[in-house]
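Before any comments, here is the structure.
Protein chains: 2
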Amino acid sequence: MDGIHLLGEWYGCPHDVPEFTQANPLRDLCVRAARESGLTVVGDRFFQFEPQGVTGTVLLAESHIAIHTWPEAGFVTVDVYVCNLTTDNTAKAEQVFRTIQAVLRPARTRFQSIHRGGKDA
Amino acid sequence: MDGIHLLGEWYGCPHDVPEFTQANPLRDLCVRAARESGLTVVGDRFFQFEPQGVTGTVLLAESHIAIHTWPEAGFVTVDVYVCNLTTDNTAKAEQVFRTIQAVLRPARTRFQSIHRGGKDA
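From first to last, the protein sequence lines are chains A and B. Counting in our numbering, the first sequence runs without a single skipped number right up to 121 at its last residue. Counting in our numbering, the second sequence runs without a single skipped number right up to 121 at its last residue.
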C-alpha cells in the first residue's frame with residue numbers, strides 16, 4: 001500500500017485572504033483543488049475557531065488532505081497524503097499542494113515528502 | 001507554532017476487529033482515545049468503503065488524527081498531529097497512538113515522529 005505524504009509549513013501568509021481565516025472559503029479551496037487534480041473526495045469536515053483560524057480535513061478515496069491555519073501567527077500547516085493503490089497519484093498530490101499554496105501565498109515555506117507503506121503491505 | 005506529528009504504518013492487523021473494518025467503531029475508538037488523553041475534539045468525519053475499509057479524521061483543537069484501514073491487506077496508516085501552542089501535548093499524542101494500536105493489534109509496525117513548525121512561526 002505504497003503512498004506519498006507531502007507536509008508543508010507555511011510562514012508569513014497574508015491576513016487579507018478569506019481562505020486563510022474562514023472555514024467555508026478554505027473548505028471550498030481544498031475540495032476544488034482535490035477535484036481539479038483528479039482525486040476523489042468522499043467527505044470533509046472543517047471547524048472555525050473564534051475569533052479566527054481554521055482546522056479542516058478532506059477525506060479522499062486516495063487518503064486525505066489536512067490543513068490548519070493560525071492567522072495570528074501568519075502560519076499554516078498542510079498535509080496531502082495519497083496512496084498509490086491502482087495508479088501513482090504523486091503528481092495529483094503535488095498539484096493539490098501547489099493550488100492551495102498559490103492562494104495562501106506564504107512568504108517562506110518548509111517542505112517534506114515522506115514515503116509511506118511499502119513492500120511489507 | 002511548535003508541534004509533533006506521529007506517523008504509523010501497521011502491518012498484519014487481524015481482520016476480526018470491528019474497528020479495523022467498520023467506520024462507526026473506528027470513529028468511536030479514535031474519539032474516545034482523544035478524549036481520554038485530554039485532547040479536545042472539535043469534529044470528526046469517517047467514510048466506509050465497500051465491501052470494507054475506512055478512512056477517517058478527528059479534528060482536534062490541537063490539530064488532527066487521521067486513519068486509513070485496508071482490511072484486504074491487513075494494513076493501517078495512522079497520523080496523530082498536535083500543536084504545542086500553550087502546553088506540550090506530545091505525551092497526549094503518544095497516548096492516543098498507543099490506545100488505537102492496542103485495539104488494532106498490528107503484528108509489525110513502522111513509526112516516525114516529525115517535528116513541525118518551529119521558531120520561525
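Glycine included, every Cβ here is placed at the ideal spot set by N, Cα and C. Since this is a predicted model, take the numbers as computed values, not measurements.
Check	Outcome
What do you reckon, are the CB atoms on B/THR77 and B/GLY8 nearer than 8 Å?	yes
Taking B/ALA34 as the reference, give the member of B/PHE47, B/THR21, B/GLN52, B/VAL58 with the closest Cα.	B/VAL58
On the DSSP letters alone, give me the boundaries of the beta strand (DSSP E) that A/THR77 sits inside.	75-83
Taking only the alpha-carbon atoms, compute the straight-line gap between B/GLY117 and B/PHE111 and give it to the nearest angstrom.	20 Å
Of the residues B/HIS15, B/PHE75, B/HIS64, which one's Cα is nearest the Cα of B/GLY43?	B/HIS64
Along the stretch 27-49 of chain A, where does the CB come closer than 9 Å to a CB of chain B? Name the residues.	VAL42, GLY43, ASP44, ARG45, PHE46, PHE47, PHE49
Write down the C-beta distance between A/ALA61 and A/THR40 rounded to the nearest angstrom, noting that I regard them as a contact closer than 8 Å.	4 Å
Against chain A, with Cβ distances strictly below 8 Å, would B/SER113 count as a contact?	no
Since B/ASP2 contacts B/ASN84 with CB under 8 Å, what's their CB separation in whole angstroms?	5 Å
Considering only C-alpha positions, which residue in the set B/GLU72, B/PHE47, B/GLN95, B/GLN48 is nearest to B/ARG32?	B/GLN95
Please list the segments of the beta strand (DSSP E) lying wholly inside the stretch 38-65 of chain A, counting only runs of 3 or more residues, in order along the chain.	41-48, 54-60
Which residues share a DSSP beta bridge with A/ILE4?	A/VAL82, A/HIS115
From this set, A/LEU29, A/ARG45, A/ALA73, which residue's C-alpha is nearest A/HIS15's C-alpha?	A/ALA73
What does the Cβ neighbour count give for B/ARG27, buried or exposed, with the cut at 16 atoms within 10 Å?	buried
Is the Cβ of A/ALA121 closer than 8 Å to any Cβ of chain B?	With a pLDDT of 44 at A/ALA121, under the threshold of 50, the modelled position of that residue is not reliable, and the figure given next carries that caveat. So yes, A/ALA121 belongs to the interface.
Among A/SER113, A/PHE75, A/GLY38, A/TRP70, which one has its Cα closest to the Cα of A/VAL87?	Per the sequence presented here, residue 87 of chain A reads as Thr, with Val not at that position. Among A/SER113, A/PHE75, A/GLY38, A/TRP70, the Cα nearest to that of A/THR87 belongs to A/GLY38.
Where do the ends of the alpha helix (DSSP H) carrying A/GLU19 lie?	18-21
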